[in-house]
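Presented below is the structure to which this report refers.
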Amino acid sequence: MQSDSDDRLRFHVRCGTLVKLSPNKRSAKRLRAYDEFNNGVVMTNRNLFDDELFEIRIDKLVDKWSGSVEVGVTIHDPGAIPIPSTMTNLRTGTSMMSGRGILANGKGIRREYGNFNLDDLKVGDRIGLIRKRNGDLHYYINGLDQGVAVSNLPSKVWGVVDMYGRTVKVTIVDRDVNEEKNLLTRLSNSLTLSNENQLNEDLLEFHPTCGAHTLVINNNTVAYRPNALDDFNNGVVLTKRPLRLNELFEVRLDRLVTKWAGSIEIGVTTHSPGDIDYPLTMTNVHSGTWMMTGVGIMHNGITVVNQYGVNLDTLRVGDRVGAMVKSNGSLYFYVNGIDQGEAAKNIPMGVYGVVDLYGQAAQITLCRDNVDQISPYKNNVRFFPNHGKNARIVPGSRGRTADRLYCEYEFSQSIVLVNQMLQDGELFSVSVDKLNDRWSGSIEVGVTTILPNILSADLPNTMTDLDHDTWVLSGCTVMKDGLAIKYNYSLDLDKVKVGSVVGVMRHNNGCLNYFLDGNDQGIACINVPPNLYPVIDIYGRCTQVTIQSPPEIRCDDSDSDTSCCSQDDAISVQTETGVKGQKDINLIDYLYGENIKLIEDNRTATRVKSFKGGLLICDNKMQPNELFQILIVKCNTNYAGSMRIGVVSSLPETPLPSNIKDLNMKDDVWYFSGNQVWFNQSLIMNNYCPSLDRLREGDRVGIKYTADRTLHLFVNGYDQGTAVYNVPEVIYGVIDLYGCHISAKVIHTDQDSKTNVQMISSQCSEHTSDISESVKVDTTINVLKRMTVLDEDMSECCSSEISYFIDESTFKLMKFNDWRGRNIRLSRDGRTATRIESYNHGLTMTPDILLPNSMFQIEIQALNKKWESSLMIGVSKITCTNNSAPATALSLKGYDSTWIISGDSVYFDGLKIKSNYGPDLNYCVPGDIIGIMIDGENCLKLFVNRMDFGVAASNIPADCYGVVDLYGQCEQVSIVNPFIDLSPVDPVPNMPLECDLLPEDANQPIPSEEKADFEGDEKQSPACEETELADLTWMKTDKTNENVLVASGHDVRSRSAELAGWIDDEASTSTLRMSKIRSGKTSGYYTPDTRERRQNEILKSLRLKQCQYFHLSSKIRAYLSIPDVFFLEKGHTCYCEGCNLYTCDENKLSIETGWCKFLLRKHPKFINLPLDKWRSAYVGRPFEMIRNCLDNGILTVLDSEPEDIILYPYLKRTVCCQNIKPFGYYDLETN
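With full-length UniProt numbering as the guide, the letters of the sequence shown map in order to residues 1 to 1231.
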């Protein structure tokens, strides 16, 4: 409704039939992108000025179509011509760039133009054009001038964009030099990557498509027949690309079976891997094929040479055979590198290499440079990615830690290999991390000459089953090829303890020695050949090992892995989600359905009949950070559907319903079904996770209830992300053994592990220094604070101030929030954030509100100089929402109250309010420590390497969260201890404890009721009473913000004077509103008392009197002919950009700007319906229907409309999803 006075380029309202424009007409989107590829033409709303840049950004692409965006100019006014389906249909006055060519009036005039192909551009790339004053048209790709495309253009042209083919959405943008540099860097990276991929494509490898009984593995370098003892043919494999002239195609024979006759056959063929119909054997192909088989040469299935070279049927494991087409067109074969002579002539160019794994030949490896070199780096030792069935390389360990899955139920099939060859005199060692005493036997350590990529193709159950080229120590017995060669060796691996380090070394004299905790245990065997690879069997009692390089020498008291652990290690134990050996939960007190039977000492729940009636509900409410996890014991695939898991708000009455969907009759239920998330009968998220229908015996699935009241789903220990927000504090875990899942166990809850963590922490406290007494301030976030003073070298600049810092124990709890940018990856403890790609979408926040006078510090750990700009840091009132994080911190505008420090400038809601402030953060280096603090006067301060750079912004609310944006050069940061570089803190004599400065009830838990549930006369604590008028007076420190308010129709001067007069009368008794941290709330909004409510009402009435936007909205309400009797007399609210800055609304962050709220009276037929606890939702209605809806008290008034009306939680989403069309209104008074 606001007139736009600026002359910025926008899209014209007349556009293609499938185009939808954004409200500001700067973005355009093609609807039905997967059904239609054209009808996406948009033009500018005015003609282009001379030397004016018209630039668009590609926002979305789809992969279904060919072709992409086309950009150009036309002499036709979009308001005067019919919009064509594609601009190439316009045959007059139009110049377009399409792909790499230039089209004039639909015909090509230049085939190759510039250095870029528009069809190859990606999301985020920019395309611009300028009509020069001399009539030349220049195109710009990511800021680079591509030269003159067309000359002698008319002076009056309109910009035009055709969202054709793959392009779905574009946006008109202003030029951004930093963005252009980053885009060009990304482009150069992609070109480098494509060149590397092209080099990799040049490497000879097998094609993954092969014979019916053959598999290609290990980066397409190994081919084998997995069932070689059951069949002797269908083993044909071809190379991925044609052979070059004089290129040797050679394979090594890795495995043979003696059951069959015949063996490997090799040759060349003119058939490509994608075209050939793979035969039983290549000798059955009757065109374009030359094969060496046995001692003969066959061409198209006919023997042409009877006696040729070595008999391939006599080859053994390790022998090599190859083929080469020379430049004169002759075909030669090689056996172990020896030329067997000319086999055929006149071979055409472009033939593919082919191997037939026939008869005895069971496995081959392609021989090429560096194929057999597993790791060229000596210091890159780690476990090989292929391992036994029950083994796992632990995520986040960089390949150096391996464990056995299902260690409570499995004891074997957990062999892990090492990627690096053991050199003579080199000690390879592993530490035993975990043991499970329910099994017998333990770790087995050995060496083998078999390459890891070959051995991993067919691993046995245990290492003692290896029957060739392997030496193993099992218990105290040394074994070679599965046979014992020495008993009672001095080292008994069955007796190792947690923390023991076991090593193996081959000396240059051929002796193999084992080591325990760095001590040589003597010679185990002699005459061991070189070129060995270590092998570990995580067997029996041993459940986890870690590579030690160099080996760790542990102290003797290593009976427990927690004896010397740090508190950080103790906390990490609590955050792990894998099975750690906890006992199965006894289910006797659980509520269960009519078809559930408890067996195995009440530790396994089994559905005894039918496919439903399998509910199982935990009897105890879930605690924060508790993982409710089950193990699937039995499946029956004859049933359709699968188990559901979730939570319910209260324990239902018995008998239980037949399935989880019926639990919402009296209670709220959130549950996961398939790959969906449901709330009661409503689907709230689709494609959330891998479908639970795929889970089988041995798989684990669980729900974690976090401290910020969100639900996460874990599948086999992996977090699937946040699924539900704002879950009630009292919930109970529920399982529905439905469909194919028949039996399950509750195997793990964090409630059990909390005790262990507390025990570990108590043990750790004996090994750490004493910590001074701390005061518990908030029971929810469990923040421990203490009063400290800075060391002597800082006392001069802070002698009059007392700084409150977070205790080291609190630092263990500080971490980044799960709500973050899409390119951010957090460490397992949540204290390190890394941007994994690109240069933006690196936003992250703290999960808890920053306490007054508490320093929040991060350390820059990694920079990438190829990008421009760097770290941004600040504070914001925004909390976790269902919306995705924006691209940068400066895009947090509109969420209200965000202050960001970027470079040497300070921004408020995306607008620059201060320049030349502090050091330029763009020039920080790795190791620099950046900190922020909201001091006692509500001022935001910046600290760089302990140095205070003064006030960045004032009037900061108290309920703000820390914001960090890993933008540009900054790629990794970590939260650091605020006590770093500080001297030890001693109690200050005669200084009052901090608890004396807090209100008397500070240690009491703050109830978690909703805002309306608080008592009206609730008092604020003295610590929250201040005499600051920042939120009541007009902002005077930011001229830019004033201009924004003036543009939205506010009279700044008159409103400022009116507020100042009211403040003078009330200043003596007024108190500043201050947010209260409530237990378990993700939102930090305050609860005003009676006096503050009265002040807010006065402020609101003053604002509405001066707000032109509200007056204009009231006129529109009157224009709709709705009587005033439908509305309440007061309580109306304006959410324009100016009023929204000062609107006191508990749901403020979920309400968009640019609208007004008029409160309705209750309809007479709903007069007795209580609405206090109802949730807000939005629905769109045409303006001609509003009066009928109000008269009847229902939303549906037309017979043609469906009975089910879709409600949306956000206003903006309602407008977008329901495609609400605006109607025009012209105000004669204001024009």
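Ideal placement from N, C-alpha and C gives every residue a C-beta, glycine not left out. Just so you know, these numbers come straight off a predicted model, no measurement behind them.
Query: Since I believe V161 is in contact with I58 (beta carbons under 8 Å), could you give me their beta-carbon distance rounded to a whole number of angstroms?; Result: The pair is not a contact, with the Cβ atoms about 10 Å apart (cut-off 8 Å).
Query: How about residue 1246 and V13: are their beta carbons less than 7 Å apart?; Result: Within the shown structure, residues of the chain are numbered from 1 to 1231, placing residue 1246 beyond reach of any answer.
Query: On the three-state DSSP scale, how would you describe V69?; Result: coil
Query: Give me, in chain order, the residues of the same chain whose beta-carbon lies closer than 6 Å to that of E971; leave out the 5 immediate sequence neighbours on both sides.; Result: R835, A862, N864
Query: Which residue comes first and which comes last in the alpha helix (DSSP H) that contains Q629?; Result: No alpha helix (DSSP H) contains Q629, which is instead part of the beta strand (DSSP E) from 626-635.
Query: Check this for me: beta carbons of L18 and R30, under 7 Å apart or not?; Result: yes
Query: Ends of the alpha helix (DSSP H) at K1115?; Result: 1108-1119
Query: Between K621 and the rest of its own chain, which residues show a CB-CB distance below 8 Å, the 5 nearest in sequence each way excluded?; Result: V730, I731, Y732
Query: Based on Cα-Cα distance, which residue from I83, R32, I56 lies nearest to G16?; Result: I83
Query: Under 6 Å Cβ to Cβ from N24, same chain only, skipping five residues before and after it: list those, please.; Result: none
Query: Between the C-alpha atoms of V304 and T281, what's the straight-line distance to the nearest angstrom?; Result: 18 Å
Query: Say whether the region 499-510 touches the region 428-439, bearing in mind that this needs 3 or more beta-carbon pairs closer than 8 Å, one atom from each stretch.; Result: yes
Query: Report yes if the CB atom of S95 is closer than 7 Å to the CB atom of G72, and no otherwise.; Result: yes
Query: T88 CB to nearest chain C CB: under 7 Å?; Result: Absence of chain C from the displayed structure is noted, only one protein chain being present.
Query: Below 8 Å on the Cβ atoms is my contact criterion, and I expect R825 with S884 to pass it. Report the Cβ-Cβ distance as a whole number of Å.; Result: So it is not a contact: roughly 16 Å between Cβ atoms.
Query: Using a Cβ-Cβ cutoff of less than 8 Å, which residues in the same chain neighbour D7 once the five nearest sequence positions on both sides are dropped?; Result: R46
Query: Would you mind sorting G613 into buried or exposed? The rule is 16 or more other CB atoms within 10 Å of its CB.; Result: buried
Query: Compare the Cα-Cα distances from G950 to each of K914, V976, T546, V964 and report the closest residue.; Result: K914
Query: For residue 1273 and H387, what's the separation of their Cα atoms in angstroms?; Result: There is no way to answer for residue 1273, as the model of the chain reaches only from 1 to 1231.
Query: Once the 5 residues before and after A707 are set aside, which same chain residues still bring their CB inside 7 Å of it?; Result: P624, N625
Query: Helix, strand or coil for S456? Go by DSSP, reduced to three states.; Result: helix
Query: At what residues does the beta strand (DSSP E) containing N680 begin and finish?; Result: Segment: none, N680 is in no beta strand (DSSP E) and carries neither H nor E.
Query: Kindly indicate the opening and closing residues of the beta strand (DSSP E) around I83.; Result: That residue, I83, is in no beta strand (DSSP E); it is neither H nor E in DSSP.
Query: With a CB to CB cut of under 7 Å and the five nearest residues on each side skipped, what residues in its chain are close to D492?; Result: G475, C476
Query: Do you know how far the Cα of L103 is from the Cα of I945?; Result: First, the residue type needs correcting, since residue 945 is Asn and not Ile in the sequence shown. N945 and L103: Cα-Cα distance of roughly 58 Å.
Query: Identify the continuous alpha helix (DSSP H) that holds N1188 and give its terminal residues.; Result: 1186-1192
Query: In angstroms with no decimal places, state the Cα-to-Cα distance between residue 1291 and F411.; Result: Since the displayed the chain opens at 1 and closes at 1231, residue 1291 lies outside it and no answer follows.
Query: If we call anything under 7 Å between Cβ atoms a contact, is G165 one with G67?; Result: yes
Query: Skipping 5 residues on each side, what residues in its chain have a beta carbon closer than 7 Å to that of E36?; Result: L18
Query: Identify whether P242 lies in helix, strand or coil by the three-state DSSP scheme.; Result: coil
Query: To the nearest angstrom, how far is it from the Cα of G1049 to the Cα of Y1109?; Result: Residue confidence for G1049 is low, a pLDDT of 46 falling below 50, so the modelled location carries little weight; the figure read from the coordinates is stated next. Approximately 6 Å, taken between the alpha carbons.
Query: So, with DSSP's three-state summary, where would you put residue 1242?; Result: Because the chain in this structure spans residues 1 to 1231, residue 1242 falls outside the shown range and cannot be described.
Query: Can you have a look at P376 and say buried or exposed, based on whether 16 or more other CB atoms are within 10 angstroms of its CB?; Result: Annotation note: pLDDT 34 at P376 (below 50); position unreliable, no value reported.
Query: Quick check on this structure: which residue in Y487, E426, Y592 has the alpha carbon closest to the alpha carbon of residue 1232?; Result: Because the chain in this structure spans residues 1 to 1231, residue 1232 falls outside the shown range and cannot be described.
Query: Pull up the distance between the alpha-carbon of L466 and that of T258, whole angstroms please.; Result: 18 Å
Query: Hey, could you find the ends of the beta strand (DSSP E) C1136 is sitting in?; Result: Counting along the chain, C1136 falls outside any beta strand (DSSP E), and DSSP gives it neither H nor E.
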